[in-house]
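All remarks here apply to the structure that follows.
Chains as they are written, first to last, in the working numbering: chain E, 4 to 178; chain Y, 38 to 211.
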């Protein structure tokens with residue numbers, strides 16, 4: 004029960020902050036994909052950079068256990084590009100579709116129905132996919148520090164430096 | 038968007054605070070962000086209403102069966118949080134067709150709804166094939182420096198940028 008309440012509170016905070024950042028709407032999502040308005044990229048990478056530092060501390064202190072999504076190169080690439088096609092049409096991602104509905108964007112409702120349909124469809128074909136695409140390039144739960152042979156903190160410093168460089172670039176370009 | 042709508046918060050500030058929420062969530066519940074798995078669970082739940090028993094026999098639903106877990110509550114919370122935020126700062130607007138969409142494809146809510154539905158199918162199929170969505174791979178995996186997060190987020194944006202440019206080709210800049 005506590006887990007469920009924790010999930011709800013975390014989600015409310017996430018939805019609140021995304022809406023405050025004005026990142027849940029179609030114009031912002033497609034604006035980023037058309038390279039015209041990078042608000043969502045600024046939001047997204049600020050969250051990742053901040054989260055990365057705190058999560059590394061938690062992992063190093065043994066307070067939280069890592070839960071690394073496995074690398075399946077074939078499925079990651081084909082699925083990722085397929086997602087990109089759908090994203091360019093709907094203009095919401097799974098999380099932001101709920102946020103968009105929350106701020107009154109009713110087209111997100113049809114998008115959510117589509118997403119549920121897509122999930123059901125995937126479940127239908129999963130047995131065939133698990134025998135084919137999902138077997139291509141299975142690398143397991145690998146991390147950047149692991150494959151680069153670098154300390155966690157060196158990777159974090161490099162990532163944050165690149166992120167800040169990106170922000171400076173975007174601000175200079177007025178995106 | 039209303040003409041006199043407030044601009045909201047800096048995306049850097051909202052993003053950094055979201056990073057703090059990510060950290061607290063890992064600390065307090067051991068959970069990392071993700072949103073697309075719960076669409077599988079809810080789809081399974083709906084299917085079960087129509088054909089009980091069938092879902093139990095499907096391999097994928099044995100992994101991600103219909104149940105209310107942390108993530109289902111998390112994604113429901115997004116709706117509530119966005120509603121609370123937009124209602125309290127005047128940015129809540131009932132709108133069936135986004136401005137940019139209307140400027141390219143016209144004001145028909147039916148057309149927009151149909152394409153949102155189709156886009157949703159393709160997007161979620163891709164997300165489940167990839168193993169997650171921007172929440173799971175960006176805010177969940179990249180914060181843990183997972184290689185999968187880097188590959189998938191790169192492909193989300195690469196695919197999205199290519200297809201958005203094709204869809205909006207020839208359209209004047211807004």
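Glycine included, each C-beta is placed from N, C-alpha and C at the ideal position.
Item                                                                                                                               : Value
Residue 82 of chain Y at chain E interface by Cβ criterion, 7 Å                                                                    : no
When E:99, E:118, E:20, E:45 are compared against residue 173 of chain E, the one with the closest alpha-carbon                    : E:45
Proximal residues to residue 137 of chain E (C-beta, below 8 Å), its chain only, five neighbours per side dropped                  : 75, 77, 78
Enclosing beta strand (DSSP E) for residue 142 of chain E [first to last residue]                                                  : 141-143
As assigned by DSSP and simplified to three states, the class of residue 41 of chain Y                                             : For residue 41 of chain Y, the predicted structure reports a pLDDT of 47, less than 50, and the residue's modelled location is therefore unreliable. A value from the coordinates is still provided. Note: residue 41 of chain Y maps to coil in three-state DSSP.
Delimiting residues of the alpha helix (DSSP H) encompassing residue 181 of chain Y                                                : Segment: none, residue 181 of chain Y is in no alpha helix (DSSP H) and carries neither H nor E.
is_contact[residue 172 of chain E, chain Y] using C-beta, thresh 7 Å                                                               : no
Contact under 7 Å by Cβ, residue 189 of chain Y with residue 167 of chain Y                                                        : yes
Min CB distance residue 43 of chain Y to chain E below 7 Å                                                                         : no
Simplified DSSP state of residue 3 of chain E, which is helix, strand or coil                                                      : Outside the displayed span of chain E (4 to 178) sits residue 3 of chain E, for which this structure offers no information.
Segment contact flag, the segment 148-165 of chain E with the segment 121-130 of chain Y, C-beta cutoff 8 Å, min 3 pairs           : no
Under 8 Å (Cβ pairs) to chain Y, residues found in the segment 13-27 of chain E                                                    : 13, 14, 15, 16, 17, 18, 19, 20, 21, 22, 23, 24, 25, 26, 27
Test: residue 157 of chain E CB closer than 7 Å to a CB of chain Y                                                                 : no
Assigned secondary structure, residue 85 of chain E (DSSP; H/G/I helix, E/B strand, else coil)                                     : helix
7 Å Cβ shell around residue 133 of chain Y - same chain, five flanking residues per side excluded                                  : 146, 149
Proximity to residue 44 of chain Y [Cα-Cα], best of E:8, E:42, E:57                                                                : E:42
Cutoff 7 Å: residue 9 of chain E Cβ touching any chain Y Cβ                                                                        : yes
Nearest candidate by alpha-carbon position, reference residue 103 of chain E, set Y:140, Y:143, Y:128                              : Y:128
DSSP state of residue 45 of chain E mapped onto helix, strand, coil                                                                : helix
N- and C-terminal bounds of the alpha helix (DSSP H) containing residue 21 of chain E                                              : 5-23
Minimum Cβ-Cβ distance from residue 139 of chain Y to chain E less than 7 Å                                                        : no
Close-in-space but distant-in-sequence residues of the same chain around residue 177 of chain Y (CB under 6 Å, 5 per side omitted) : 69, 70, 71
Where residue 160 of chain Y falls, given that 16 or more other Cβ within 10 Å makes a residue buried                              : buried
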